[in-house]
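Enquirer: Residue numbers (the working numbering), protein chains in the order written: chain B, 369 to 482; chain F, 369 to 482; chain C, 369 to 482. Please read through the structure below; I'll follow up with questions.
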Amino acid sequence: MINRQIKTPIMHRAVESNGFVFFGGITADDKSKDIAGQTTEVLDKLENYLSEAGTDKSKVVMATVYVSDLSNKSGLNQVWTSWFDENELPARATLGVADLGEGILLELVATAVI
Amino acid sequence: MINRQIKTPIMHRAVESNGFVFFGGITADDKSKDIAGQTTEVLDKLENYLSEAGTDKSKVVMATVYVSDLSNKSGLNQVWTSWFDENELPARATLGVADLGEGILLELVATAVI
Amino acid sequence: MINRQIKTPIMHRAVESNGFVFFGGITADDKSKDIAGQTTEVLDKLENYLSEAGTDKSKVVMATVYVSDLSNKSGLNQVWTSWFDENELPARATLGVADLGEGILLELVATAVI
């Protein structure tokens with residue numbers, strides 16, 4: 369059984385099967401925000417998608433964070449570590465990539481269990 | 369139990385366990401093709417690998433598409449959305465990366481259930 | 369049930385659930401090493417993390433290797449193929465990305481079963 373939720377023109381934002389939920393890449397809508405603001409918006413969106421999928425942030429197991437500028441990592445980390453309970457931090461990789469789209473400072477890919 | 373299929377010198381193209389199949393990065397052989405051509409070739413390969421693994425494109429749950437030029441995203445999307453049934457679109461992230469190899473416009477990483 | 373292990377300030381290095389273990393991005397500490405040296409150190413670390421998670425390198429199902437210079441791929445591959453049993457090579461994608469941090473030549477993200 370595959371449950372797909374939150375359809376966009378090119379994907380489903382949350383696809384669940386075999387006890388896992390896979391989320392498509394999440395970016396901020398307000399690209400004028402700095403890294404703290406964009407990270408907050410991205411995590412707010414993740415919280416909504418987790419909720420729609422029937423799970424929550426305590427069940428995120430893996431996160432990949434793509435950033436357009438690796439020097440933004442400390443700003444990202446501040447928001448990240450205050451958002452997650454410290455005992456529930458997921459595994460994570462953070463990569464500096466060439467292009468996420470005009471003004472986009474980070475894109476988050478996450479996997480949770482349900 | 370782990371089932372590995374389609375061995376190359378450095379990997380198995382499809383590795384299955386616990387109800388999931390993980391596919392190694394897929395690129396087009398004909399690097400003279402444009403984004404539509406390369407996307408079509410990549411999805412043709414994915415279809416073969418899915419079939420060898422005993423599953424099909426209706427069961428792809430997550431896709432990560434790395435592109436060498438993010439402005440190719442609309443060409444990619446046109447082929448993508450005509451290849452997948454619109455109700456079976458997987459979660460997806462699309463990232464512009466620095467280097468996929470000479471002439472390679474996209475590389476696809478996919479996970480399916482079986 | 370989620371088992372998280374090896375806590376750092378921003379993540380757990382190994383997070384296990386539903387028969388899978390997800391590892392955070394692994395890089396070498398000694399950034400003066402060449403690609404062979406950094407790959408060896410990264411795989412040594414992975415071996416330790418696999419062991420702490422109660423599994424081993426024969427059960428790695430998927431690996432994503434981010435490299436700062438794609439021309440290092442052959443040096444990476446030499447260490448890679450001698451470290452894994454050839455019949456147990458995981459699926460893999462190798463991407464050239466813009467920035468992994470000063471002196472870091474590769475970052476490995478891996479998923480294993482347990």
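Every residue gets a Cβ at the ideal spot worked out from N, C-alpha and C, and that includes glycine.
Along the segment 450–465 of chain F, where does the CB come closer than 7 Å to a CB of chain C? Name the residues.
Expert: Flagged, chain order: V465.
Enquirer: Mind listing the chain C neighbours of E481 of chain B? Cutoff is C-beta to C-beta under 7 Å, in chain order.
Expert: Note that residue 481 of chain B corresponds to Val in the displayed sequence, not to Glu. Chain C residues near V481 of chain B: I370, S385, N386.
Enquirer: Against chain B, which members of the segment 467–479 of chain C pass a CB distance test of less than 7 Å?
Expert: Going along the segment 467–479 of chain C in chain order, one finds D467, L468, G469, E475, V477 with a Cβ nearer than 7 Å to chain B.
Enquirer: Near A431 of chain B, which residues of its chain fall below 6 Å by C-beta distance, leaving aside the five closest residues on each side in sequence?
Expert: So the list reads P458, R460, A478, once near-sequence residues are dropped.
Enquirer: Between the Cα of I472 of chain C and those of C:T423, C:G387, C:I403, C:I370, spot the shortest distance and give me the residue it belongs to.
Expert: For the residues C:T423, C:G387, C:I403, C:I370, the minimum Cα distance to I472 of chain C belongs to C:I403.
Enquirer: Quick check on M379 of chain C: buried or exposed, where buried means 16 or more other Cβ atoms within 10 Å of its Cβ?
Expert: Classification for M379 of chain C: buried.
Enquirer: Less than 8 Å between the C-beta atoms of V383 of chain B and I394 of chain B, yes or no?
Expert: No, Cβ-Cβ distance for V383 of chain B and I394 of chain B is not below 8 Å.
Enquirer: Is V389 of chain B close to chain C, meaning its C-beta is less than 8 Å from at least one C-beta of that chain?
Expert: Answer no: the Cβ-Cβ gap between V389 of chain B and chain C never drops below 8 Å.
Enquirer: Is it the case that the Cβ atoms of T407 of chain F and L444 of chain F are separated by a distance below 8 Å?
Expert: Yes, Cβ-Cβ distance for T407 of chain F and L444 of chain F is below 8 Å.
Enquirer: DSSP three-state label for S385 of chain B, please.
Expert: Of the three classes helix, strand and coil, the one that applies to S385 of chain B here is strand, per DSSP.
Enquirer: Kindly indicate the opening and closing residues of the alpha helix (DSSP H) around L418 of chain C.
Expert: L418 of chain C -> alpha helix (DSSP H) spans 403–420.
Enquirer: Put E329 of chain B into one of helix, strand or coil per three-state DSSP.
Expert: One cannot answer for residue 329 of chain B here, as it falls past the ends of chain B, which runs 369 to 482.
Enquirer: G393 of chain B CB to nearest chain F CB: under 8 Å?
Expert: Interface residue, yes.
Enquirer: What residues from the segment 418–434 of chain F come within 9 Å of chain C, judged by C-beta to C-beta, listed N to C?
Expert: Within the segment 418–434 of chain F, the residues whose Cβ lies closer than 9 Å to some Cβ of chain C are T432, Y434, listed in chain order.
Enquirer: Quick test of your reading: G387 of chain F and V481 of chain F, contact by CB under 8 Å. State the CB separation rounded to the nearest angstrom.
Expert: Contact holds; Cβ gap of about 6 Å.
Enquirer: Could you name the residues of chain B that N498 of chain F contacts, counting a contact when the two beta carbons are closer than 7 Å?
Expert: Here chain F comprises residues numbered 369 to 482, so residue 498 of chain F is not present and cannot be evaluated.
Enquirer: May I ask you to list the residues that DSSP assigns as paired with S467 of chain C?
Expert: Sequence inspection shows Asp at residue 467 of chain C; the Ser mentioned does not correspond to that position. For D467 of chain C, which the question treats as bridged, DSSP gives the partners B:G464.
Enquirer: Hey, does A396 of chain B have any beta-carbon neighbour from chain F nearer than 8 Å?
Expert: By this cut-off, A396 of chain B is not an interface position.
Enquirer: On a CA-only basis, which of C:S385, C:N455, C:A421 is nearest T376 of chain F? Give me that one, please.
Expert: Among C:S385, C:N455, C:A421, the Cα nearest to that of T376 of chain F belongs to C:N455.
Enquirer: Report whether the distance from the Cβ of N455 of chain F to the nearest heavy atom of the ligand PLP is below 7 Å.
Expert: The ligand PLP is absent from the structure shown, which contains no ligand whatsoever.
Enquirer: What residues from chain C crowd round L438 of chain B, counting only those whose CB sits closer than 7 Å?
Expert: By Cβ distance, chain C contributes D467, G469.
Enquirer: Below 8 Å on C-beta distance, what does A382 of chain B contact in chain F?
Expert: Here the neighbours are A459.
Enquirer: To which residues of the same chain is Q446 of chain C closer than 8 Å at the C-beta, ignoring the five residues directly before and after it?
Expert: Only A404 meet the Cβ criterion.
Enquirer: Out of B:L474, B:D453, B:S419, point me to the one whose CA is closest to Y434 of chain B's CA.
Expert: Answer by Cα proximity: B:L474.
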